[in-house]
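Note that the protein sequences, when read in sequence, are chains P and B.
The first sequence begins at 34 in our numbering and counts up one residue at a time.
The second sequence begins at 9 in our numbering and counts up one residue at a time.
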Amino acid sequence: MSAVDVITWIIFIITIYFAFFWLITFLGMGQEKKRKALKKFPLVSVVIPAFNEEETITGTMKSVVELDYPKNKIQIIVVNDGSTDSTEKKVKNFIKKHPGRKIMLISQKNSGKWVCMNAGLSIAKGEFFACLDADSFVERETLKRMLPHFVGRTAIVLPIMKVKNPKNMLQKVQWYEYIVNMFYKKIAAYINCVHVAPGPFSLYRTSVLRKVGGFRYGYATEDLEIAMRLQKHNYRIVQTMDAEVYTIAPDNMRELYKQRVRWSKGSLLNAISYREMLFNRDYGDFAMIQMPLVIAAGFISAVLIVILLYYGLLKPLYNLAKNIVLVHFDIMTLIRNIQLNANILDADFYRLVIAVFTLVITIAIFVAAHKRSKEKIVKYGFFPLLVYLFVYYIALGLIWLVILKDLAIKKSRMRW
Amino acid sequence: MVRKLEKSRYWMAAVFTAMIFAFGLSVGMLAEQQRTKYVTEQYQEQSNEYESLQLQYAYLTSLSAERENCPALQYSLNIYIQHLEDTRLKLENYHESSSQINKAEFDTLKRQYILAEIKAWMFTQKVQKSCNETDIVTILNFHSKDCSRCDDEGMVLSYFKDILKDKLFIFSFDMDYANEPMVDILKREYNITSAPTLIIENEKKEGFTSTDELKEVLCNYYKNASIC
Numbered sequence: 034m035s036a037v038d039v040i041t042w043i044i045f046i047i048t049i050y051f052a053f054f055w056l057i058t059f060l061g062m063g064q065e066k067k068r069k070a071l072k073k074f075p076l077v078s079v080v081i082p083a084f085n086e087e088e089t090i091t092g093t094m095k096s097v098v099e100l101d102y103p104k105n106k107i108q109i110i111v112v113n114d115g116s117t118d119s120t121e122k123k124v125k126n127f128i129k130k131h132p133g134r135k136i137m138l139i140s141q142k143n144s145g146k147w148v149c150m151n152a153g154l155s156i157a158k159g160e161f162f163a164c165l166d167a168d169s170f171v172e173r174e175t176l177k178r179m180l181p182h183f184v185g186r187t188a189i190v191l192p193i194m195k196v197k198n199p200k201n202m203l204q205k206v207q208w209y210e211y212i213v214n215m216f217y218k219k220i221a222a223y224i225n226c227v228h229v230a231p232g233p234f235s236l237y238r239t240s241v242l243r244k245v246g247g248f249r250y251g252y253a254t255e256d257l258e259i260a261m262r263l264q265k266h267n268y269r270i271v272q273t274m275d276a277e278v279y280t281i282a283p284d285n286m287r288e289l290y291k292q293r294v295r296w297s298k299g300s301l302l303n304a305i306s307y308r309e310m311l312f313n314r315d316y317g318d319f320a321m322i323q324m325p326l327v328i329a330a331g332f333i334s335a336v337l338i339v340i341l342l343y344y345g346l347l348k349p350l351y352n353l354a355k356n357i358v359l360v361h362f363d364i365m366t367l368i369r370n371i372q373l374n375a376n377i378l379d380a381d382f383y384r385l386v387i388a389v390f391t392l393v394i395t396i397a398i399f400v401a402a403h404k405r406s407k408e409k410i411v412k413y414g415f416f417p418l419l420v421y422l423f424v425y426y427i428a429l430g431l432i433w434l435v436i437l438k439d440l441a442i443k444k445s446r447m448r449w
Numbered sequence: 009m010v011r012k013l014e015k016s017r018y019w020m021a022a023v024f025t026a027m028i029f030a031f032g033l034s035v036g037m038l039a040e041q042q043r044t045k046y047v048t049e050q051y052q053e054q055s056n057e058y059e060s061l062q063l064q065y066a067y068l069t070s071l072s073a074e075r076e077n078c079p080a081l082q083y084s085l086n087i088y089i090q091h092l093e094d095t096r097l098k099l100e101n102y103h104e105s106s107s108q109i110n111k112a113e114f115d116t117l118k119r120q121y122i123l124a125e126i127k128a129w130m131f132t133q134k135v136q137k138s139c140n141e142t143d144i145v146t147i148l149n150f151h152s153k154d155c156s157r158c159d160d161e162g163m164v165l166s167y168f169k170d171i172l173k174d175k176l177f178i179f180s181f182d183m184d185y186a187n188e189p190m191v192d193i194l195k196r197e198y199n200i201t202s203a204p205t206l207i208i209e210n211e212k213k214e215g216f217t218s219t220d221e222l223k224e225v226l227c228n229y230y231k232n233a234s235i236c
């Protein structure tokens with residue numbers, strides 16, 4: 034066996050181990066317990082950080098105002114992070130049109146999302162604190178469905194995040210991705226292993242947030258940083274599957290690339306900065322399974338992508354080119370004599386078993402994820418689904434490759 | 009405060025992972041057995057083929073030594089060589105993907121193949137001698153595992169084989185194969201010291217022989233081939 038074989042097998046074993054672990058966890062989960070309906074309505078502060086969001090800010094605020102919740106129990110704080118467009122004007126107009134509502138506008142010079150959220154936190158009066166990105170929209174029932182989950186040491190309750198009106202291929206692919214990711218987070222939450230509280234309507238207990246010192250920069254991913262910090266303080270993070278929030282997903286490769294570089298870097302670097310939890314039994318499953326997974330994920334995808342690209346693409350292409358040169362570009366003779374020497378016995382059964390197993394698990398997860406989030410399985414077409422299953426992760430692996438290269442030469446500088 | 013850690017889940021995942029790999033391994037081993045069986049059958053067929061060919065040869069020569077029989081002889085030879093080539097492809101495929109388990113079996117098959125190859129080469133020479141006006145060229149190709157240009161040489165050879173088809177017979181030998189004394193005898197006879205080395209009829213070419221060089225040599229032997 035060559036070194037490449039050994040590495041591939043180690044990666045296969047690790048990946049399949051993780052898959053089984055989550056599968057076993059899922060099978061032990063059972064159906065979700067019905068939460069009691071809310072009897073009293075605590076004050077909730079919703080902070081909307083906004084940087085040049087003139088197109089979506091009104092819709093975002095509107096979705097909060099229209100929440101099925103007592104009007105006087107919602108405090109809205111919009112933090113304008115030095116927008117250079119008409120965001121501020123739009124917010125002021127909105128405030129004028131809704132005189133009976135508690136809406137505040139804070140303007141600051143551009144200093145990053147985490148600073149906005151801390152500014153909001155400093156004047157938040159609510160028992161609960163929600164963050165809502167200015168490109169996201171809550172459903173009427175969302176808040177009511179989330180609040181009953183705050184019991185015991187629960188510090189954050191997460192809604193199910195879905196892609197808003199996916200129009201093009203890229204957004205449709207992300208629609209499927211989000212559904213599967215939310216399902217994975219649901220399983221992780223069952224053993225309190227959630228490591229991220231996304232910007233679209235994560236709901237915090239304000240007192241806990243203040244106790245741990247509010248938000249930090251966290252390598253431009255304050256949502257990962259706060260979740261890992263709360264895990265370190267042994268709080269609980271809950272994922273709901275029926276409280277929806279819709280967010281606008283990148284509609285072009287450039288934006289998606291930028292977003293994913295930020296996310297991936299953030300998850301790796303934040304996990305590294307909380308590495309004292311890694312394999313520390315005191316932190317339970319979070320330390321034993323989720324931390325290793327978050328740290329290893331990038332390396333695993335990058336190595337797999339290198340192997341795939343080299344053996345699946347570069348090497349065959351190089352050989353083909355070399356052979357064409359060897360026969361002085363007499364391509365016709367080469368083509369005419371291609372022999373398909375296919376024989377069922379030639380297949381590598383060992384790898385085939387692993388591949389079939391992986392495919393079956395993937396499809397099972399996909400179906401279960403849709404069932405749990407009550408969505409139709411091919412809601413946005415079959416083709417985007419195929420792209421998601423067979424192409425998308427290769428692209429994400431490539432992003433990891435770029436990130437690891439960047440981190441290795443330490444030239445990168447983080448931006449918001 | 010100590011958080012929950014359900015150890016059984018970790019062990020179960022480990023057991024299931026081991027099971028999947030064990031399952032994959034046993035399916036692989038089963039397939040390996042089937043392969044060996046299949047290839048062995050192929051070789052059995054191959055040796056029957058050769059016996060049949062020898063019988064044909066004896067029959068044809070005993071009837072008369074006249075030239076009319078040459079086309080029939082050549083036809084039989086081509087069939088034999090084609091079968092030999094098929095077996096080689098199969099052997100190569102299986103050898104690449106086979107694990108250590110059946111290494112001994114594969115070695116035996118490889119040796120049998122080399123013997124069949126040498127027999128075929130000798131048979132070809134007989135045909136060339138019996139039929140005066142043959143338009144057949146034989147090439148012996150000596151290669152080795154750690155030889156950087158041997159694959160390229162193989163590519164060039166199979167390119168000419170594709171064009172010349174039954175006018176060209178190529179017999180390839182692994183020069184490091186020590187199990188079979190016949191390989192040593194051939195090496196000594198032609199004084200082979202490095203790979204790749206080609207013996208084109210009786211002409212020796214050491215080192216990589218390019219498409220152009222090989223074409224030039226081949227054209228000396230063919231009276232009217234399309235490549236010249």
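Every residue gets a Cβ at the ideal spot worked out from N, C-alpha and C, and that includes glycine.
Requested in this report: Taking a Cβ distance cut-off of 9 Å, strictly less, list which residues of the segment 200-224 of chain B are near chain P, in chain order.
Outcome: For the segment 200-224 of chain B, which is checked against every Cβ of chain P, the residues closer than 9 Å are S218, T219 and D220.
Query raised in the report: Which residues of chain P have a Cβ atom closer than 7 Å to the Cβ of B:Y167, listed in chain order?
Result: V360 and T366
Query raised in the report: Mapping DSSP to helix, strand and coil, what is P:E309?
Result: Of the three classes helix, strand and coil, the one that applies to P:E309 here is helix, per DSSP.
Requested in this report: Leaving out five residues on either side along the sequence, give the residues of the same chain with a beta carbon under 7 Å from the beta carbon of P:A230.
Outcome: Annotation for P:A230: I189, L191, D256, I259, A260 and I270 place their beta carbon closer than 7 Å to its own, counting only its chain and skipping 5 residues before and after.
Query - Cα-Cα separation between P:Y250 and P:F415, rounded to whole angstroms - result: 39 Å
Query - P:T280: first and last residue of the uninterrupted beta strand (DSSP E) it sits in - result: R269 to T280 is the extent of the beta strand (DSSP E) around P:T280.
Query - Per-residue burial, P:Y421 [other beta carbons within 10 Å of its own, 16 or more giving buried] - result: buried
**Report entry** CB-CB length for P:L434 against P:I338, believed under 8 Å
**Finding:** 6 Å
Query raised in the report: Does DSSP put P:Y237 in a helix, in a strand, or in coil?
Result: Annotated three-state conformation of P:Y237 is strand, per DSSP.
Query raised in the report: Are there 16 or more other CB atoms within 10 angstroms of the CB of P:D458, so buried, or fewer, so exposed?
Result: Any answer about residue 458 of chain P is impossible in this case: the structure gives chain P only from 34 up to 449.
Query raised in the report: When the distance is taken between beta carbons, is P:L60 closer than 7 Å to B:M163?
Result: No, the pair does not count as a contact, with Cβ atoms beyond the cut-off.
**Report entry** Which of helix, strand or coil DSSP assigns to P:L347
**Finding:** DSSP, read as helix, strand or coil, puts P:L347 in helix.
Requested in this report: Output yes if chain B places a C-beta closer than 7 Å to the C-beta of P:D38; else output no.
Outcome: no
Query raised in the report: In the DSSP assignment, what are the bridge partners of B:I87?
Result: BP columns for B:I87 are empty, so no partner.
Query raised in the report: What are the boundary residues of the beta strand (DSSP E) that P:P192 is part of?
Result: T187 to V196
**Report entry** Nearest candidate by alpha-carbon position, reference P:E87, set P:A276, P:M194, P:I442 and P:S169
**Finding:** Of the candidates P:A276, P:M194, P:I442 and P:S169, the one whose C-alpha sits nearest the C-alpha of P:E87 is P:S169.
Requested in this report: For P:G159, count neighbouring Cβ atoms within 10 angstroms of its own Cβ and tell me buried if that reaches 16, exposed if not.
Outcome: buried
**Report entry** Between the CA atoms of P:A401 and P:R308 - distance to the nearest angstrom
**Finding:** P:R308 and P:A401: Cα-Cα distance of roughly 32 Å.
**Report entry** Cβ contact check for the segment 332-346 of chain P and the segment 26-45 of chain B: 3 or more pairs under 8 Å
**Finding:** Contact check between the segment 332-346 of chain P and the segment 26-45 of chain B: fewer than three CB pairs, one atom from each, fall below 8 Å, which does not count as touching.
Query raised in the report: CB-CB under 8 Å to P:T175, same chain, minus the five flanking residues each way: which ones, in chain order?
Result: L100, P192, F234, A276, E277 and V278
Query raised in the report: The beta strand (DSSP E) spanning P:P199 covers which residue range?
Result: Where P:P199 is concerned, there is no enclosing beta strand (DSSP E), given that its DSSP letter is neither H nor E.
Query raised in the report: Of the choices P:V98, P:A163 and P:M179, whose alpha-carbon is the least far from that of P:L242?
Result: P:A163
**Report entry** P:A335 beta carbon less than 7 Å from that of P:L440
**Finding:** The Cβ atoms of P:L440 and P:A335 do not sit closer than 7 Å to each other.
Report task. Compute the beta-carbon to beta-carbon distance between P:A221 and P:Q292, rounded to the nearest angstrom, for a pair I have assumed lies under 8 Å. Result -> Not quite, the Cβ-Cβ distance comes to about 21 Å (not below 8 Å), so this is no contact.
**Report entry** Cutoff 7 Å; reference P:L418; Cβ partners in own chain excluding five residues on either side
**Finding:** Y209 and V411
Query raised in the report: Are there three or more Cβ pairs, one per stretch, closer than 8 Å when the segment 198-216 of chain B is compared with the segment 146-163 of chain B?
Result: yes
Query raised in the report: Between P:V386, P:K106, P:Y102 and P:W296, which lies nearest to P:A70 when the distance is taken from Cα to Cα?
Result: P:Y102
Query raised in the report: Got a sec: is the Cβ-Cβ distance from B:F24 to anything in chain P below 7 Å?
Result: yes
Report task. For the segment 9-23 of chain B, enumerate the residues whose C-beta is nearer than 8 Å to any C-beta of chain P, in chain order. Result -> M9, V10, R11, K12, L13, E14, R17, Y18, M20, A21 and A22
Query - Inter-residue Cα distance where the pair is P:G133 and P:T187 - result: 32 Å
Query raised in the report: So, using beta-carbon positions, are B:I28 and P:F390 closer together than 7 Å?
Result: yes
**Report entry** P:T48 (DSSP reduced to helix, strand or coil)
**Finding:** DSSP places P:T48 in the helix class (H, G or I) of the three-state scheme.
Query - Start and end residues, alpha helix (DSSP H) containing B:C227 - result: T219 to Y229
Query - Reduced DSSP secondary structure (H/G/I, E/B, other) of B:T25 - result: B:T25 falls in the helix class under three-state DSSP.
Query - Interface flag, B:G32 vs chain P, CB-CB below 7 Å - result: yes
Query - Distance between P:K219 and P:N267 (C-alpha atoms, nearest Å) - result: 18 Å
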